[in-house]
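Heads up, the sequence shown is in numbering that gives the first Met the number 0, so the first residue is 0 and it goes up one at a time.
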Amino acid sequence: MNNTVRTVFRGPSVFTSTPDFINWLTGAVRTCPDLPVLTVIDPAIPPTPGGKQLLQQLQGVADLLCVEPAADEAALLHTAERAPWAQVVLGVGGGSAMDTAKLLPAFWHPGHRMAITSRSRAGHVILPDGLPAGHVLGLVPTTVGTGSESSMNACLTQGIRKRLISGSGLRADAVLLDSALTATLPSRLLLTGALEAIFRLSTPFVMTATPRRSADTFALASIRALVDAGNEARSLGLATDPERSGQLRRDIAELSSFSQSGWSSLGRNSYGTLPWIIATELSMATGVSKMEAVAAILPAYWRRIESGDARFGSPARLRDVGQALAGAARTPVASPVAALEHVLSHWGLTRPLSLQEPDIHRIAQQTSRAWGGGLPMLQGLTSTDVAAFLREAAGAHTMGGRATGAA
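What follows is the structure, encoded as structure tokens:
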């Protein structure tokens with residue numbers, strides 16, 4: 000799976016009907032009727048109307064052994080050692096539940112467990128292709144944005160750092176996208192999910208200078224659709240129109256899931272994830288969520304591209320993304336950065352960034368250690384370069400050990 004450009008792999012079966020997903024599960028458990036279905040489920044899901052109904056339907060066809068998502072590597076090891084081996088694994092919940100469900104079968108495989116738990120400095124671990132025959136994985140997201148259900152990646156916290164684990168064995172066999180399961184998701188989290196999908200689509204787009212008509216068409220059309228859906232969700236008042244609210248949640252969930260399918264980034268640089276890397280390290284160091292970190296640094300990141308710094312991306316390609324944002328927003332803007340800032344402001348997601356100089360130094364060092372220093376992910380940036388960028392994102396100036404220019 001260690002490809003230099005992004006590739007479309009075989010994806011999961013995607014169901015939008017719960018009865019169809021239940022039929023799939025019925026077939027999956029038929030070959031092992033005496034084994035429980037190991038179900039990683041967020042504890043907030045069962046009390047909700049949609050969660051209660053889903054569990055009843057799942058329990059009607061399978062014996063479920065429910066466990067909570069693992070917060071970190073130690074918790075995942077504990078679950079893997081105590082939970083019985085299962086042929087069928089389900090993940091129901093947000094990114095944490097789905098990542099746990101993906102990683103459990105890998106932890107049952109000694110070679111994969113060794114790779115995941117290694118103490119190398121690399122922030123990205125690529126597993127050997129495949130898992131032992133017999134494992135079946137079904138994922139049911141109850142949030143939008145991560146698109147984890149359609150990806151071959153999982154995030155794992157190890158102490159004070161977070162690593163990205165990738166491998167074909169982490170790919171789901173079946174996915175259920177049901178808007179009833181996101182009915183209790185607050186409007187702000189729905190908009191944050193739309194922003195995350197836009198971020199995932201736009202970053203490899205701007206970090207690959209060569210146009211590609213197929214992938215470009217998919218990516219730009221998806222960005223426009225996500226902005227349209229986000230704007231409508233922002234103005235609608237989701238509680239006032241449940242039917243339309245469900246349609247918007249469905250649309251954003253499907254676009255988010257599609258953004259991980261590979262077609263919208265086909266042929267792009269496999270390591271075109273620079274702002275995601277910086278945002279992830281910033282999130283771990285400061286305790287803000289990953290998407291709060293993205294909202295804080297992305298305008299500054301796009302300004303770097305506009306200035307002509309090719310390590311951050313292509314100005315011409317960024318203009319295409321800016322036009323997609325501005326066209327969907329139906330608001331004339333002067334630049335891609337202005338279009339982005341308009342969306343962030345309209346959706347209530349603007350996030351100022353305030354950092355102390357020692358924090359900037361520490362984050363830059365950790366970023367370089369995990370992703371640079373000979374590794375390809377930082378696009379040649381050094382810790383000094385990362386620190387300079389973080390100062391720009393925080394307001395450019397530091398005085399008396401504290402960054403200024405941000406609230």
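Ideal Cβ positions, reconstructed from N, Cα and C, are used throughout, including at glycine. This one's a predicted model, so the numbers in the text were calculated from it and none came from an experiment.
- request: Hey, could you find the ends of the alpha helix (DSSP H) residue 383 is sitting in?
  value: First-last of the alpha helix (DSSP H) with residue 383: 382 to 393.
- prompt: Does DSSP put residue 398 in a helix, in a strand, or in coil?
  reply: Low confidence applies to residue 398: its pLDDT is 32, below 50, so where it sits in the model is not reliable enough to give any reading.
- prompt: Skipping 5 residues on each side, what residues in its chain have a beta carbon closer than 8 Å to that of residue 247?
  reply: If you ignore the 5 residues before and after residue 247, its C-beta comes within less than 8 Å of the C-beta of 189, 228, 231, 232, 235, 237, all in its own chain and listed in chain order.
message: Taking its Cβ as the centre, do 16 or more other Cβ atoms sit within 10 Å of residue 58, making it buried, or is it exposed?
response: Answer is exposed; the Cβ neighbour count stays below 16.
field: residue 306 burial status per 10 Å Cβ neighbour count (16 or more: buried)
entry: When all chains shown are included, residue 306 counts as exposed.
field: Distance, residue 144 Cα to residue 252 Cα
entry: Between the alpha carbons of residue 252 and residue 144 lies a gap of roughly 7 Å.
- request: Report all residues from its chain with a CB closer than 6 Å to the CB of residue 157; omit the five preceding and five following residues, and keep chain order.
  value: Excluding positions up to five away in sequence, the list reads 72.
message: Going by C-alpha to C-alpha distance, which of 366, 108, 159 sits closest to residue 272?
response: For residue 272, the nearest C-alpha among the options comes from 366.
query: Is there contact between the region 253 to 270 and the region 288 to 306, where contact requires at least three CB pairs shorter than 8 Å?
result: The region 253 to 270 is not in contact with the region 288 to 306.
task: Write down the C-beta distance between residue 260 and residue 10 rounded to the nearest angstrom, noting that I regard them as a contact closer than 8 Å.
output: Between the beta-carbon of residue 260 and that of residue 10 there is about 6 Å, and that keeps the pair under the 8 Å contact cut.
- prompt: If you follow the alpha helix (DSSP H) that residue 345 is part of, which residue opens it and which one closes it?
  reply: Start and end: 335 to 345.
- prompt: Does the distance from the C-beta atom of residue 180 to that of residue 139 stay below 8 Å?
  reply: Between residue 180 and residue 139, the CB-CB gap stays under 8 Å.
query: Anyone know if the C-beta pair for residue 290 and residue 194 falls short of 8 Å?
result: A Cβ-Cβ contact shorter than 8 Å links residue 290 with residue 194.
field: 6 Å Cβ shell around residue 405 - same chain, five flanking residues per side excluded
entry: Only weak support exists for where residue 405 lies, its pLDDT of 35 falling under 50; the coordinates are left without a value.
- prompt: Where does residue 396 land, buried or exposed, given buried means 16+ other C-beta within 10 angstroms?
  reply: With a pLDDT of only 33 at residue 396, under 50, the local geometry of the prediction cannot be trusted, and the value read off the model is given with reservation. Its Cβ having fewer than 16 others within 10 Å, residue 396 is exposed.
Closest Cα partner of residue 209 within the set 312, 17, 117, 288: It is 312.
message: DSSP three-state label for residue 121, please.
response: In the three-state scheme derived from DSSP, where H, G and I count as helix and E and B as strand, residue 121 is classed as coil.
task: Determine which residues share a DSSP beta bridge with residue 140 and list them.
output: Beta-bridge annotation (DSSP): residue 140 is paired with 92.
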